[in-house]
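One structure is given below, encoded as structure tokens.
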Amino acid sequence: MKIWVYPGSFDPVTNGHVDIIKRSSKLCDKLIVAVGNNLRKKYSLELTERVELLKLAVKDFTNVEVDSFNGLLVNYVKSRGASTIIKGLRALSDYEYELQMALINKNLAPEIETLFMMADIHYSYLSSSAVKELVVNGGSIDGLVPDCIKDRIIEKLTGEKTVL
Ligand code: PNS
114 MKIWVYPGSF
124 DPVTNGHVDI
134 IKRSSKLCDK
144 LIVAVGNNLR
154 KKYSLELTER
164 VELLKLAVKD
174 FTNVEVDSFN
184 GLLVNYVKSR
194 GASTIIKGLR
204 ALSDYEYELQ
214 MALINKNLAP
224 EIETLFMMAD
234 IHYSYLSSSA
244 VKELVVNGGS
254 IDGLVPDCIK
264 DRIIEKLTGE
274 KTVL
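Under the working numbering, the letters of the sequence shown match residues 114 to 277, in that order.
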């Protein structure tokens with residue numbers, strides 16, 4: 114069984130993430146979307162909120178599971194019996210960071226592959242940070258996040274301190 118892991122912060126999930134989930138889940142038997150903590154980032158949403166929003170966003174995908182993890186990604190991937198980490202790539206600016214992560218992970222666990230999927234052109238400009246900035250400034254996020262969680266995202270991001 115081909116199990117892949119799509120890790121990320123998802124603070125919050127965007128339609129760009131959902132597009133990667135939709136396309137990559139067709140290439141494996143099971144896709145685990147794994148919400149983690151990037152120690153270099155401060156989050157606007159709690160881990161439980163990020164997981165909750167993702168679960169709603171992917172409820173129609175039958176071979177997709179949402180989970181969270183602590184510690185090293187490669188240890189989590191191994192613990193789930195997965196073979197592959199899938200990541201989305203937008204502009205060139207993503208490349209350097211993702212290359213570093215992929216090489217560190219390869220060094221830690223040579224048996225695990227990292228694959229990159231190019232973001233759809235429609236979402237290549239989209240980021241969770243942009244969604245947050247729009248929300249706190251009253252801009253529309255129509256079409257940028259799944260319709261079914263749009264109101265929840267606005268409610269959560271306007272209710273408390275939002276880190277951009
Ligand atoms: O792309 P993102 O949203 O910043 O992803 C964050 C995440 C959680 C996937 C990433 O920071 C991660 O893998 N964290 C776990 C710690 C780890 O294994 N780091 C790699 C070696 S430095």
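Glycine included, C-beta positions come from ideal geometry on N, C-alpha and C.
Opposing strand residues paired with residue i [DSSP bridges]
{"i": "P120", "result": "A147"}
{"i": "E226", "result": "T197"}
{"i": "V177", "result": "L144"}
{"i": "M231", "result": "L202"}
Of the listed residues the options, nearest to residue i (C-alpha basis)
{"i": "S192", "options": "K269, D124 and A147", "result": "A147"}
{"i": "V187", "options": "A222, G201, V177 and W117", "result": "A222"}
{"i": "K245", "options": "L257, C141 and S237", "result": "L257"}
{"i": "Y238", "options": "S157, S253 and S206", "result": "S206"}
{"i": "D233", "options": "L166, Y189, V171 and N128", "result": "N128"}
{"i": "W117", "options": "K143, E178 and F174", "result": "K143"}
Residue i Cβ short of 7 angstroms to the ligand PNS heavy atom set
{"i": "K245", "result": "no"}
{"i": "M230", "result": "no"}
{"i": "L185", "result": "yes"}
{"i": "I225", "result": "no"}
{"i": "G149", "result": "yes"}
{"i": "G121", "result": "yes"}
{"i": "K219", "result": "no"}
C-beta atoms of residue i and residue j nearer than 8 angstroms
{"i": "S241", "j": "P125", "result": "yes"}
{"i": "Y208", "j": "L202", "result": "yes"}
{"i": "A215", "j": "T227", "result": "yes"}
{"i": "F123", "j": "R153", "result": "no"}
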